[in-house]
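Chains as they are written, first to last, in the working numbering: chain W, 17 to 578; chain F, 17 to 578.
The beta-carbon is built from N, C-alpha and C at its ideal position, and this holds for glycine as well.
Let me begin by presenting the structure, written as C-alpha cells, before commenting on it.
The following block contains the structure:
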C-alpha cells in the first residue's frame, strides 16, 4: 500500500469530548469518526484492525466447535413478548414500527432469535451439543454513551449460544467457551482478570466476566492475589471479620441531632465511629417497600439486594414514599416502621448498642439492639466488599482494581427454552427443554481496551497480531532520487512477504514520523541520507530501538522480528 | 467437518410461500430461515457461502484500489435533511427515535454518511481519487418483500462511493468499478447483461445495472444481440420505423362509441387497427396536469416521462382531477383541454387521420391531425421499447429477457457534495465540490441469483468458487467397520488439503445422498461395499458422472478437478 493512495486522516488533537486515551488515539490515528452520539464509522485503518480482532475471535470460536451464523438486527416484537423481555428491557432497547405498524426492535442481544432458530429445527438429543455464534452489530440506546467505541449505541459483538440436553453438557459447553475467551485475550496480549459476575437481566445461575485491567474501566473488581478469587464489585464477597460484641445492652435513648443526617455528620455530632452507626436505605419495587441496613462504614450492594429479593426493579424510594412507612428521608431507622420488609447485613447482626435513625427529622436513637428493639425479616450479605477486607476462601487481604468488561458468559439454564418452548426428545423419547449458555464478547471494545493497555505519548503500540501494517518504508526526502529509489526497491522486495506501506507523500519527514508512530506500525524502515551507502535505519515501535542496517539485510531483520 | 457436529437442517419441502426455486432451495438446503416478513437468519451453511461471495467482492474491490470502511446502520435524520432526502425517501425508509426523541433512520443507502466522512477529512485534490466501500446490512421497508433474500427488508450490500476532482476522474473511477463488477460476476460463473439504466431517486446522470439473466427476474431487459446494446425497459429506446403518413387530412368527426373505452374496444367498434388510435393518459405531479400520448399499440414509459419533466412524482390523475381539465376518464383526447401540458411520443408525430378520445363519456373523434386540430407542448420518446422493434444503433431486431438486478452503479456528479457542502481545494487553491460515483451490489441477492442459474431437480449445483464444502465423504453403512474405517482414513487424508465433510450420521444412505445433492457439494466420495477391495465411488455433482476408483487415487482425482 502507498500512503498517497490510502485514506489516513490523522489529527494533532482529538476533540475535547474524548476523555480516555483510547478514544483520543482512535480519533487522532484516523481509526474512527463520530456520526452521532455513540455511533461511529470505522475508517480504513480502523476497520482493517477491527477485522483482525474479528478473525482472532472467529478462529477461536471455530476451533472450539462453534458454528458461525448470521441473525438479523431487526427482531419482531412477538418473540420478545414470548420471552417476556419486551416490557422488561426498558429504554435501552431501540424500538421501531414498519409500514404496517408492526413492532420491531433492533437486537440488543439475540437469545430470542437463536432459541427460535433451534426450536424450529432441532428435534433430538442426538443433534446436541450445538453451539452457534455470530459477529454482528448490536444496538443499545445507552443513557450515557461515552469513551468512543467503548460504550457506544451501535457496536459489534460476537455473541454465541450453546444448547445441551443436560447440566453436564452445559457445564462442558460453558468451559469450552471459557477457555476460548482466555485464548482470545491472550492472543491480543491483554492483561485481564476473569471474575464471577451477576447475571443481570440476561438471567441464569452462573456467570463470568472477562475484565481487561485498566484505570478507565467502568467496573470495579475485587480479587485475592493469594488464591485467585476474583469477582466484580456487584457480586464480590468478603469475610465477616467482626466478632459478636459482648457489650451489655444499654438503655435505648432518643437524641436530637438537629443538623446531622449523613453518617459522617452523625458520627461527628455524637462522637462515635461510623462503624457504630447503622445506615438505612429505603427501596421500592413498585409493589412493596424495603429497608436495607448496613454498618455505617459499608456500602449497600443493590445488585445483591435485587438477587436476594428476586427482582430487578428496586429503586430508591422517594421522600413521599418514605413518609408512607412512617419515616423521614435522611433519618430512617429500623424501629416502628409500617408495612416494610427489613433486610439486615450479616455484619450488623454482630453489633451492640448502635446508633440508628429516629424516623423523625433531626432525631436519632442510641443504644439500639437487634432482638430487643427490632427484628429484621431477612439477614444476608448485602454489603459491597472492598479492598483491605479478607478473602472468604483463604483469608488473605483482598485487592481491587478497575476493569473494562470485554466478555461476559452465562449459564442460562432453561430460562429461554422454557418461555419459548424449545425442546428436544431425550434418550427415552421425552420432550425436554434445552439447557442454554450464552457468550458475548465486545469486538470494538476489545480494540479500545488494547489501546488503553498499549500506548505511549507518541501514539498506539499495537501488539504484533494487530498492527495495521507490519512495516512502514519511509523515504526521508522523496525529492532525492536515491532515497526514493532505494525506498521503492525495498518496498518491492517486501510487499509479497509482509503487509507493508510506503510513505510516498510529499510531506516533511517530521510529519511522516509522527503519523507512523501515532498509528503504531511495529517496524519502520527509514531511508535517509545513508541511502548513498545503501544503508537504512530500522526502528522498532515498541522498544524505540534504532539500528543502521545494510539495505540487503532488511528482510532478514524483519523475518527475525515477526 | 463432520455432519454429526454440524447444523444442517434440510427439509423435504419448502413452505408454500417460497415462489422461486432459489427461495425453495435456500430453505430446503438449510441455508436460511425466516424470522419475519423479509427478514432472514443465515444458518451455518448459508453464511459460509455468503462469506465466500463477500470475499470475492472484497478481493475485487481491493484490487481496484477501493478501501474498505464500515459506516453505521443508524443514521441521524439531520444528515438526510441536509441532502433533502429525509422527506423524499417515503415509506421505504425505517425510521426510529432514540430515548431523547432524536430522529434516526436505518440506512437504506449511505451517500450521506460517506459524503459526511470525506467532507470532514478531505482537504485537497492531492488526496484524490478516493474510493471507499463497505459490506454491511441495509434496511428498506419494501412494500412487498418476496422471493426470500432476493427482495428482503434487511439485506447485505456492498456499497462503494468514489470521490474525484473532475469529470475525467469520475469517468475513470466509474470505469474501474464497472470492470470490477464484471470480474465479480464472472468469478461467480453468472450469465448477465450490463444495461443502461435510469438513476431513480439516487440521482445523477449516468447509470448501469448488472442484470443476471433469469426467468424470475423482476426487471425487463431490452437488448440487441447484434451490436451489444442493452438497457432496462425503463430506459430502453428503439428506432422510429414509422414513415410520416402522406395521407391527405380528412374531416375531423365526432363519433359515438357507447361501450368502447379501451384501445381494443375502440378498434373493434370503429373497425380500425390499434396503431391508428392515439392513447392518452393523464398524470399529475401535484402541481400541474399532463397528458401523455402514444400510439395505441405502444406503452407509455413513466420513467421516461418523469425524466423529461424533471420530476419523480408523476402519478395517474384521479377521475375528479381529469374532470378539472375538461375531460372524462377513459375518453381523454388532446383537443380542447384546459390547463394541461401535452406530451406526445415521436411515433405519434408521424400519424395522420387518427382516432382520439372525445373528452366526453362514450365519444371519440376520428381523422384527428397534429397541427390542424391540436399542438403538443413537447414531442419526445415516451414509449417503452419492445422486443421485435429495431435497435437505434444498428437497426437489427431487439430482443428482451427478464433479469435480476444484482448491481447498480451511478455517476452522481455533485448532487450530494453540493447539498452537503463537500469540497476540496483544487490546483489553483479554489474550493470545488467533489464529483461522486456510487456503486452497489447485492450480496445475498447474488447468492440467490447463482442458485437460480445453477440447480437441477435434486438441488443446488454450486460453481466451484462457492461450494459449501469441496468434498463429501459418505460411508454407505456406518455400522460396517470396513466402510467407516476407510471413509475415516480418506477424510483424514483429505482434510488438510480440501474443505471436506464426512457424513458420519447413522442415517439411511438414501437420506445422506439426497442431502449432499441438495446442498450441492461438488464432489462426493462414496464408501460402500467395494471398501473391501479398497475401492470407492467418486461422483461429480455437476456432470452426475460416477466412477469407481482405488482409494489411493482419490487425492489425485480431486487435484485434477479443483
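Query, Result
"Counterpart residues of residue 373(W) in DSSP-defined beta bridges", "380(W)"
"Extent of the continuous alpha helix (DSSP H) run through residue 188(W)", "183–203"
"Chain W within 8 Å of residue 144(F), Cβ atoms only", "no"
"Outcome for residue 64(W) when other beta-carbon atoms lying within 10 angstroms are tallied against a minimum of 16", "buried"
"Three-way DSSP call (helix, strand, coil) for residue 408(W) in this model", "coil"
"Spatial distance of residue 297(F) from residue 317(F) (CA atoms)", "11 Å"
"Interface flag, residue 392(F) vs chain W, CB-CB below 8 Å", "no"
"Whole-number beta carbon distance between residue 55(F) and residue 88(W), since they are thought to touch under 8 Å", "5 Å"
"Straight-line Cα distance separating residue 136(W) from residue 409(W)", "45 Å"
"Option in 207(F), 462(F) and 431(F) with minimal Cα separation from residue 168(F)", "462(F)"
"Closest by C-alpha distance to residue 157(F), when choosing among 222(F), 414(F) and 53(F)", "53(F)"
"Where residue 106(W) falls: helix, strand or coil (DSSP)", "helix"
"Between the CA atoms of residue 31(W) and residue 378(W) - distance to the nearest angstrom", "48 Å"
"Sequence-distant residues of its chain with Cβ nearer than 8 Å to residue 128(F) (five each side left out)", "91, 95, 96, 98, 99, 101, 432 and 436"
"Under 8 Å between C-beta atoms of residue 254(W) and residue 406(W)", "yes"
"Straight-line Cα distance separating residue 414(F) from residue 401(F)", "9 Å"
"Span separating the alpha-carbon of residue 119(W) from that of residue 490(F)", "46 Å"
"Element boundaries [beta strand (DSSP E), containing residue 456(W)]", "451–458"
"Residues that DSSP places opposite residue 227(W) in a beta bridge", "209(W) and 421(W)"
"For residue 44(W), the three-state DSSP class (helix, strand or coil)", "helix"
"Near-chain F residues of the stretch 106–127 of chain W (beta-carbon distance less than 9 Å), N- to C-terminal order", "107, 108, 110, 111, 112, 113, 114, 115, 116, 118, 120 and 122"
"Alpha carbon of residue 533(W) to alpha carbon of residue 513(F), nearest angstrom", "40 Å"
"Where residue 153(F) falls: helix, strand or coil (DSSP)", "strand"
"C-alpha gap between residue 511(F) and residue 485(F), whole angstroms", "11 Å"
"Beta-carbon spacing of residue 504(W), residue 230(W) below 8 Å", "no"
"Beta-carbon proximity check, residue 187(F) vs residue 456(F), cutoff 8 Å", "no"
"Residue 148(W), DSSP secondary structure in three states", "strand"
"Rounded separation between residue 498(W) and residue 518(W) - CA only", "15 Å"
"Under 7 Å by beta carbon: chain F residues contacting residue 85(W)", "57, 58, 59, 60 and 63"
"Sequence-distant residues of its chain with Cβ nearer than 6 Å to residue 77(F) (five each side left out)", "149"
"Interface flag, residue 71(W) vs chain F, CB-CB below 8 Å", "no"
"Among 28(W), 151(W) and 33(W), nearest to residue 74(W) - alpha-carbon criterion", "151(W)"
"Residue 22(W) at chain C interface by Cβ criterion, 8 Å", "Among the protein chains in the structure shown, which are W and F, there is no chain C."
"Proximity below 8 Å, CB of residue 370(W) to CB of residue 301(W)", "no"
"Distance between residue 283(W) and residue 275(W) (C-alpha atoms, nearest Å)", "12 Å"
"Residue 50(W) to residue 470(W) span [Cα, whole Å]", "23 Å"
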